[in-house]
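Undergrad: Below is a structure I'd like to ask you about.
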Amino acid sequence: MTRSPQPRAPLLSVRELRVEVGATRVLRSVGFDVAAGELVVLMGANGSGKSTLGLALAGHPRYQISGQAQLAGQDLLAMPVEARARAGLFLSLQAPPDVPGVKNNLFIRTALNAVRSARGEPEIDAYDFLGQAKSGARRLGLPEAMLGRPVNEGFSGGERKRNELLQLALLKPRVAILDEIDSGLDVDGVRALVDLVRAMRADGTAFVVVSHYLQLIESLEPDRVLRLADGCIAETGGIELARTIAAQGYGAGRSRQGAAAQA
Ligand SMILES: Nc1ncnc2c1ncn2[C@@H]1O[C@H](COP(=O)(O)OP(=O)(O)O)[C@@H](O)[C@H]1O
Ligand SMILES: [Mg+2]
56 MTRSPQPRAP LLSVRELRVE VGATRVLRSV GFDVAAGELV VLMGANGSGK
106 STLGLALAGH PRYQISGQAQ LAGQDLLAMP VEARARAGLF LSLQAPPDVP
156 GVKNNLFIRT ALNAVRSARG EPEIDAYDFL GQAKSGARRL GLPEAMLGRP
206 VNEGFSGGER KRNELLQLAL LKPRVAILDE IDSGLDVDGV RALVDLVRAM
256 RADGTAFVVV SHYLQLIESL EPDRVLRLAD GCIAETGGIE LARTIAAQGY
306 GAGRSRQGAA AQA
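So the sequence shown is numbered by the numbering used here: it starts at 56 and just counts up by one.
Following this line, the structure appears as structure tokens:
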């Protein structure tokens with residue numbers, strides 16, 4: 056008897072996720088899975104709830120959330136925000152804020168030591184960390200001087216995004232959600248992003264990438280493309296869905312769904 060290969064168990068599994076922000080229901084029922092090494096692209100019109108989804112999974116304190124979200128079988132929604140990060144979840148913000156008075160290298164080292172301790176690894180000392188941070192910054196084209204400045208203070212848009220990538224590279228999360236990480240990145244930054252994601256995927260990191268740009272999406276070679284609309288995953292496909300959205304816009308999605316429902 057031949058057996059078909061077992062599908063890989065998802066690292067991130069989301070079911071019937073519903074999110075209310077104040078009096079507004081932003082997400083009605085969202086469900087999807089991402090396995091180790093997989094990359095899912097999340098597309099959707101402005102205001103469709105892509106950032107809300109990432110923030111809800113990371114533990115935004117002011118959202119009302121119901122449904123299920125599991126990271127490697129652990130109940131994410133039951134954990135405080137820092138436990139989610141320790142369990143291996145990473146969210147890169149669409150608009151990374153300044154953190155005045157907190158030095159960038161200390162910020163990243165503190166976060167790294169927290170996740171290392173959760174993984175049962177010893178703390179990394181300041182000297183070893185600085186070596187890793189400098190080589191990471193060099194690879195990502197972030198000037199070394201930015202390691203010694205307060206987090207994101209006076210950083211350009213693209214430098215903020217490179218700094219998010221530096222955190223991603225050093226923290227080595229199990230699941231990374233990248234919210235419009237490409238916005239503000241120049242061509243070299245986009246190339247560094249694609250190389251980093253490829254290397255981390257090979258090591259088993261699962262990715263959810265929010266992007267509007269077909270060229271980047273093509274370079275990322277996603278396993279699946281999801282379109283968020285009306286508070287749920289309205290369409291799922293391969294790279295062809297991203298190409299169709301790029302060619303026809305989000306407005307045409309409704310008629311595609313209508314046609315599919317009638318077929
Ligand atoms: N704090 C908030 N208060 C009120 N409305 C919000 C808040 N945060 C998000 N929203 C609304 O939720 C919807 C989804 O926002 P968002 O997740 O940022 O969309 P996207 O990232 O897909 O562009 C938008 O209509 C936005 O205005
Ligand atoms: Mg957004």
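Idealized CB from N, CA, C, for every residue including glycine.
Remember, it's a predicted structure, so these values are computed and weren't measured experimentally.
Under the three-state reduction of DSSP, which class applies to Glu290: helix, strand or coil?
TA: Strand at Glu290.
Undergrad: Would DSSP call Ala91 helix, strand or coil?
TA: Note: Ala91 maps to coil in three-state DSSP.
Undergrad: Drop a sphere of 10 angstroms on the beta-carbon of Arg164, count the other beta-carbons inside from all chains shown, and report buried for 16 or more, exposed for fewer.
TA: Buried, by the Cβ-count rule.
Undergrad: Starting from Gln270 and walking both ways along the alpha helix (DSSP H), at which residues does that stretch end?
TA: Counting along the chain, the alpha helix (DSSP H) containing Gln270 begins and ends at Leu269 to Leu275.
Undergrad: Using a 10 Å radius around the Cβ and a threshold of 16 neighbouring Cβ atoms, would you call Arg217 buried or exposed?
TA: Counting Cβ neighbours within 10 Å, Arg217 comes out buried, since at least 16 surround it.
Undergrad: Is the beta carbon of Ala261 closer than 7 Å to that of Leu126?
TA: Cβ atoms of Leu126 and Ala261: not closer than 7 Å.
Undergrad: Figure out for me which residue from Ile179, Ala100 and Arg215 has the closest Cα to the Cα of Ala192.
TA: Of the listed residues, the one whose Cα sits closest to Ala192 is Arg215.
Undergrad: Can you give the Cα-Cα distance for Met56 and Ala254, rounded to whole angstroms?
TA: With a pLDDT of 47 at Met56, under the threshold of 50, the modelled position of this residue cannot be trusted; read the value that follows with caution. Cα to Cα, Met56 sits roughly 37 Å from Ala254.
Undergrad: Assuming the contact rule is C-beta atoms closer than 8 Å, Ala297 and Leu269 should be a hit. Round their C-beta distance to whole Å, please.
TA: About 6 Å separates the two Cβ atoms, so the contact holds.
Undergrad: Could you name the residues whose beta carbon sits closer than 6 Å to any heavy atom belonging to ligand 1, keeping them in chain order?
TA: Result (chain order): Val76, Gly77, Thr79, Val81, Gly99, Asn101, Gly102, Ser103, Gly104, Lys105, Ser106 and Thr107.
Undergrad: What are the residues that DSSP puts in a beta bridge with Ala284?
TA: DSSP output for Ala284 lists Cys287 as bridge partner(s).
Undergrad: Compare the C-alpha of Val242 against each of Pro228, Gly213 and Leu281 and name the closest.
TA: Among Pro228, Gly213 and Leu281, the Cα nearest to that of Val242 is on Gly213.
Undergrad: If you drop the 5 nearest sequence neighbours on each side, which residues of the same chain put their C-beta closer than 6 Å to that of Tyr305?
TA: Cβ within range, chain order: Ala100.
Undergrad: How is the alpha helix (DSSP H) around Tyr305 delimited, first residue to last?
TA: Unbroken run through Tyr305: none, as it is neither H nor E.
Undergrad: Suppose you measure from the CA of Asp234 to the CA of Asp278; what does that come to, to the nearest Å?
TA: For Asp234 and Asp278, the distance between alpha carbons rounds to 17 Å.
Undergrad: Report the rounded CA-to-CA distance for Ala113 versus Arg139, giving the unit in angstroms.
TA: Their backbone Cα atoms lie some 7 Å apart in a straight line.
Undergrad: In chain order, what residues of the same chain have a beta carbon less than 7 Å from the beta carbon of Phe210, not counting five sequence neighbours either side?
TA: The answer, listed in chain order, is Met201 and Asn218.
Undergrad: Where does the unbroken alpha helix (DSSP H) through Ser238 begin, and where does it stop?
TA: Element bounds for Ser238: n/a, residue is neither H nor E.
Undergrad: To the nearest angstrom, how far is the alpha carbon of Gly239 from that of Gly196?
TA: Each residue's Cα considered, the two are about 14 Å apart.
Undergrad: Apart from the five residues just before and just after Leu248, which ones in its own chain have a Cβ nearer than 7 Å to its Cβ?
TA: Excluding residues within five positions, the ones whose Cβ falls inside 7 Å are Leu220, Ile236, Asp237 and Leu240.
Undergrad: Let me check you understand the geometry: is the CB of Gln119 closer than 6 Å to at least one non-hydrogen atom of ligand 2?
TA: The answer is no for Gln119.
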